[in-house]
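Below, the structure is given as structure tokens:
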């Protein structure tokens, strides 16, 4: 079956895990309008399903995402390009705003939009072959300037943006863009271990922890502590926290 007959984004759920797969391998998973819409639809389904505890974002083929689909862009006028860019923004924001943990799995190159997708996730697991770069300014456009800088710092983000510098998986790990490097041979077992830990954890505590971290980094120290206190209070009221502590401590 050709790429034209396949959906550009696949969505599957099992055992509390939703898997979103970028599915344009023949185009190196270049981000086009259909893929933006597919990402939006997939994140909506994950958000609406109470059984989903964690989301994996993966890619078919050897490349995670080669960036924007420039072939598509050449057929667009300025208004259409801006509309497509906005759909991309909405897709990244939808991933970032999911209330449950989201893990990017990068097994190859991630350029431009690929870096945006990885940066919009909570964690990123990469194989040693992965590489990351943001070539937008090099070929005359603007993009990937915000999430990347917040994660790796503005100086490294500028170095990457100004020069087209590519980060290896090891460099991305040191910069914080990647949270784990795992050989391909053990990738699936590592992901199974990670997702199992999340799925078995109390879902409210997971959601509140994510919310506290995401909101807290945007606040000053006092505001961040207030955010955490509100989450603690909400957890005490809404969860069976005594049972959870007892089970964790081996009391049950």
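Numbering (the working numbering), first residue to last: 220 to 471.
Even for Gly, the Cβ is constructed at its ideal location relative to N, Cα and C.
The structure displayed is predicted, hence computed values, not measured ones.
Residue i (DSSP reduced to helix, strand or coil)
{"i": "residue 255", "result": "helix"}
{"i": "residue 340", "result": "coil"}
{"i": "residue 333", "result": "helix"}
{"i": "residue 436", "result": "coil"}
{"i": "residue 262", "result": "helix"}
{"i": "residue 279", "result": "coil"}
{"i": "residue 346", "result": "coil"}
{"i": "residue 328", "result": "strand"}
{"i": "residue 287", "result": "strand"}
{"i": "residue 401", "result": "coil"}
{"i": "residue 229", "result": "strand"}
{"i": "residue 386", "result": "strand"}
{"i": "residue 449", "result": "helix"}
Own chain, CB closer than 6 Å to residue i, minus 5 neighbours either side, in chain order
{"i": "residue 261", "result": "228, 230, 239"}
{"i": "residue 281", "result": "327"}
{"i": "residue 311", "result": "335, 339"}
Local Cβ density within 10 Å of residue i, reported as buried at 16 or more and exposed below that
{"i": "residue 367", "result": "buried"}
{"i": "residue 381", "result": "exposed"}
{"i": "residue 298", "result": "exposed"}
{"i": "residue 408", "result": "exposed"}
{"i": "residue 335", "result": "buried"}
{"i": "residue 432", "result": "exposed"}
{"i": "residue 251", "result": "buried"}
{"i": "residue 362", "result": "buried"}
{"i": "residue 405", "result": "exposed"}
Length of the line joining the Cα atoms of residue i and residue j
{"i": "residue 304", "j": "residue 317", "result": "20 Å"}
{"i": "residue 394", "j": "residue 320", "result": "21 Å"}
{"i": "residue 224", "j": "residue 243", "result": "11 Å"}
{"i": "residue 411", "j": "residue 426", "result": "20 Å"}
{"i": "residue 249", "j": "residue 290", "result": "9 Å"}
{"i": "residue 428", "j": "residue 258", "result": "24 Å"}
Beta-carbon contacts of residue i that lie in its chain and below 8 Å, excluding the five residues immediately before and after
{"i": "residue 392", "result": "345, 398, 399, 400"}
Beta-carbon proximity list for residue i, same chain, < 7 Å, skipping 5 on both sides
{"i": "residue 254", "result": "227, 228, 241, 243"}
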